Every structure is written in C-alpha cells, then in structure tokens.
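One line per chain: the protein sequences are A and C, in this order.
Under our numbering, think of the first position of the first sequence as 1, with each following residue one higher.
Under our numbering, think of the first position of the second sequence as 115, with each following residue one higher.
The C-beta atom is built at its ideal place from N, Cα and C for all residues, glycine as well.
It should be emphasised that the depicted structure is a prediction, and the values quoted were computed from it without experimental measurement.
Inspection log for the structure reproduced underneath, given as structure tokens.
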Amino acid sequence: AQSVAQPEDQVNVAEGNPLTVKCTYSVSGNPYLFWYVQYPNRGLQFLLKYITGDNLVKGSYGFEAEFNKSQTSFHLKKPSALVSDSALYFCAVRDIGSARQLTFGSGTQLTVLP
Amino acid sequence: NAGVTQTPKFQVLKTGQSMTLQCAQDMNHNSMYWYRQDPGMGLRLIYYSASEGTTDKGEVPNGYNVSRLNKREFSLRLESAAPSQTSVYFCASNGGQGYAEAFFGQGTRLTVV
C-alpha cells in the first residue's frame, strides 16, 4: 500500500520569511513524488516532482523540495514567501514498482501574512 | 491551449437524479482520471482509464460509472445521486508514464440535496 501524510492542516508564515510544508510518504518500493498547488475555485497545478537523482528538486515559482529517503520525507520549501503563495498544497506519491495510481495527502493550507 | 476541460462547473441535483460529468483533454494523453475532493481528505481516485478502451476502479468507485468515449473524452456518470456524493469533482490526464505529472481541469462543484 502507499500513503501520504501532511501533518499540518494550516501553515502561517510572514511575507519574506522562508516557508516549509511537510510531507512524509509510505511505499513498498521506490517513490515518484509530486507537489501540487490549488488556488481557490481552481484545479490543481503541478509544482515539481522527484523521479530519481538529485535529492533537491527545483520547481515553479521559486519552490523546491528535498527528497530524504531515510526519513521518507519530501518537504516543500521556498526561501522567501510571497502573499501570492497563499494556497492549498498537496503532496502525492506513486510507488514505482506498483500499478497503483497517485495517492494524495490531505492538503496543507498555506497563508502568507503581509 | 485548453488543456483539460470539464463541464458543467456547478450543478445541484436532487437525491435520486442522474447526471453525467464531461471531461475532454487536448494534449493527446493516454491516461485520464476522475477524482473527488472533500475537505480534509485530499483527492480520492474514483475511476481511471489507462488508455483508450480501458477503465479501472479507483479508491471510491461505488455509485459511479465511467465511459472512455475516445482518446480525448472521459465521462463520469452518477446514476442515482446521493447527498454523500456532494463534492468537488476533478478530471485529470497524463501521458500514462508513472513519472508523468497530471494536468487537472477546473473542477465541478456538485451539490446533492
């Protein structure tokens, strides 16, 4: 089975400060990992993914994520938050060796305070 | 560049009514998906189609049927709507490879009263 945990329902950060949105996963094999963002009344937009190779993945809008196999984590980060980053963020996983489809976390609401 | 298009955007149904949610993609993707989004539960897979002519159940298929009409179109049907099916429904597509990111439609907000 595969699963994703986003331990924080809500993250608040001041504009200009670094932000982190946490994600841990569980798969039986090796993972493909994804981050998506959802703005109000919109569909999900792809931010970045980890397939293999470098543990630090860079994506859209200045976001990056670090894959940590020993901690089974894939935390989303940004060095300097913008008010416009306020949105709902989803982590997702797919087990490479499985026919299972993407499994999403429950989502983390990020609010960047001006 | 339309991407994934869903219709309708909003719908209110009475319990027991039926309806079909339509989805079309113009990216020549092999795989298409239907998800539902409920507060605090993330996105849950209802059905998917790995390629034209095939469909498979996801995590929460009960009460739903799907049709992969052709490579572009993948519809979701509620035969007898129930209040528990009140949700936001998203269609998505990707190239079918395990590492490929999915592209999502704008969603359909369905209320069953």
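Mind listing the chain C neighbours of S73 of chain A? Cutoff is C-beta to C-beta under 8 Å, in chain order. Reading the first sequence from its first residue, position 73 is the one you call residue 73 of chain A. Under the 8 Å cutoff, chain C gives no residues; its nearest Cβ is about 17 Å from S73 of chain A.
Please name the residue, chosen from C:G154, C:V126, C:T169 and C:G117, that lies closest to A5 of chain A on a Cα-to-Cα basis. Mapped onto the first sequence, residue 5 of chain A falls at position 5. The candidate whose alpha carbon is nearest that of A5 of chain A is C:G154.
Rounded to a whole number of angstroms, what is the C-alpha to C-alpha distance between S84 of chain A and V112 of chain A? As a working mapping, residue 84 of chain A is identified with position 84 in the first sequence. As a working mapping, residue 112 of chain A is identified with position 112 in the first sequence. Rounded to the nearest angstrom, the two C-alpha atoms are 8 Å apart.
Taking the beta carbon of L183 of chain C as the centre, do at least 16 other beta carbons fall within 10 Å, making it buried, or is it exposed? Here residue 183 of chain C refers to the residue found at position 69 when the second sequence is read from its first residue. Exposed: under 16 other Cβ atoms inside 10 Å.
V83 of chain A by DSSP, collapsed to three states: which one? Here residue 83 of chain A refers to the residue found at position 83 when the first sequence is read from its first residue. DSSP places V83 of chain A in helix when its eight states are reduced to three.
On the premise that T222 of chain C lies in contact with K123 of chain C, defined as a C-beta separation below 8 Å, what is that separation, rounded to the nearest angstrom? Taking the first residue of the second sequence as position 1, residue 123 of chain C is located at position 9. Taking the first residue of the second sequence as position 1, residue 222 of chain C is located at position 108. That belief holds up - the Cβ atoms of K123 of chain C and T222 of chain C are roughly 6 Å apart, short of 8 Å.
With a threshold of 9 Å between beta carbons, is G209 of chain C in contact with chain A? Against the second sequence, residue 209 of chain C aligns to sequence position 95. No, because no Cβ of chain A sits closer than 9 Å to the Cβ of G209 of chain C.
For the region 44-65 of chain A, enumerate the residues whose C-beta is nearer than 8 Å to any C-beta of chain C, in chain order. L44, Q45, F46, K49 and I51
With a threshold of 8 Å on Cβ separation, who are the neighbours of D170 of chain C within its own chain once the five nearest residues in sequence on each side are excluded? Residue 170 of chain C sits at position 56 when you count from the first residue of the second sequence. Excluding positions up to five away in sequence, the list reads Y161, Y162, S163 and A164.
Tell me whether Y162 of chain C, by its Cβ, gets closer than 8 Å to a heavy atom of the ligand NAP. As far as ligands go, the structure on display features none, and thus does not contain the ligand NAP.
N12 of chain A, buried or exposed, once every other Cβ within 10 Å from all chains shown has been counted against 16: For the purposes of this step, residue 12 of chain A is taken as the residue at position 12 of the first sequence. Exposed, because fewer than 16 other Cβ atoms sit within 10 Å of the Cβ of N12 of chain A.
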